[in-house]
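Some notes on the structure that comes next.
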Amino acid sequence: MQFIGFSYFIFFCITTCGRGLIIVPSILDIPKAEKNICQDSRIERENLKLINSNPENEDLTPYIKCVNNAILKVSSAELKLSTEEHCPLQFLRNKKTPYFKCNSDNFGNYNITKIMKLLCNGKDKCIFNFNQLPTLLCIEEDNSVFELPSSFTYVHLVYNCQTPRRRFRPFSNKRYDRKFTQRLLNESVLCGNNKLWVNFLSYLLFEKGRNLLLGV
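In our numbering, each residue's number is its place in the sequence shown (first place is 1) plus 3.
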């Protein structure tokens with residue numbers, strides 16, 4: 004009887020933990036990074052000079068770049084009003100330019116994810132000018148709207164650098180292939196192999212317990 008009780012305990016553990024044998028491929032993805040990109044008129048002026056002297060010049064200074072042959076993949080991007088905490092150099096270089104404040108937290112044209120994807124995705128470095136981005140709008144509480152100068156804006160970018168090396172595959176199984184996404188949530192696909200093991204071990208435990216009860 005003790006063996007039967009222990010057998011049922013093992014069966015319970017296998018049944019409840021069977022799904023724990025599945026490794027979700029998304030946990031192997033490269034973690035995303037965040038960066039605040041402040042508008043820098045010095046960088047943009049130098050790049051413009053290099054382009055005017057040689058349109059195919061490759062020595063341009065990027066706002067962001069990857070290393071080890073990785074390429075950029077943008078997840079989200081927002082255009083925001085600068086503060087001295089986020090972009091102190093803007094306030095040092097633009098002392099003669101009046102600083103515009105927005106008395107509300109309501110902005111227009113702030114979501115620039117699509118534009119940044121077009122400018123940066125698939126490249127090892129991202130070179131752009133802030134005049135390529137939409138003008139950030141301040142929408143006051145009285146619904147009045149005015150434009151904010153790009154010299155006092157910055158981009159909050161969420162991205163990652165994807166390397167050409169394929170991610171680690173713990174098993175040689177198409178379940179971890181990049182193309183295997185359509186049926187990933189299919190119950191029969193996810194737990195098919197686990198259920199076979201559970202049924203096989205359950206059968207062995209049942210036969211052993213029955214033989215003990217029959218005295219075989």
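Every residue gets a Cβ at the ideal spot worked out from N, C-alpha and C, and that includes glycine.
- DSSP three-state assignment for residue 40, whether helix, strand or coil: Strand, per DSSP.
- Please list, in chain order, all residues of the same chain as residue 113 whose beta carbon is under 6 Å from its beta carbon, the five residues on each side excluded. Hits under 6 Å: 81, 82.
- Buried or exposed: where does residue 122 fall if 16 or more other Cβ atoms within 10 Å of its Cβ makes it buried? Classification for residue 122: buried.
- Task: Compare the beta carbon distance of residue 139 and residue 103 with 7 Å and say whether it is the shorter of the two.
- Result: Result no, Cβ atoms of residue 139 and residue 103 do not sit closer than 7 Å.
- Query: Are residue 39 and residue 157 close, meaning C-beta to C-beta below 7 Å?
  - Reply: At the C-beta level, residue 39 and residue 157 come within 7 Å of one another.
- With a CB to CB cut of under 7 Å and the five nearest residues on each side skipped, what residues in its chain are close to residue 35? The answer, listed in chain order, is 78, 161, 162, 163.
- Message: For residue 125 and residue 145, I'd like the C-alpha separation in whole angstroms.
- Response: Roughly 42 Å between the two C-alpha positions.
- Task: With distances taken Cα to Cα, identify the nearest neighbour of residue 89 among 159, 165, 166, 167.
- Result: For residue 89, the nearest C-alpha among the options comes from 159.
- Item | Spatial neighbours of residue 135 in its chain, beta-carbon cut-off 8 Å, leaving aside the 5 residues before and after | Apart from the 5 residues on each side of it in sequence, residue 135 sits with its Cβ closer than 8 Å to the Cβ of 118, 122 in its chain, given in chain order.
- Query: residue 47 by DSSP, collapsed to three states: which one?
  - Reply: Residue 47: helix per DSSP, three-state reduction.
- Straight-line gap, residue 54 to residue 76 (C-alpha atoms, nearest Å): Distance between the alpha carbons of residue 54 and residue 76: 25 Å.
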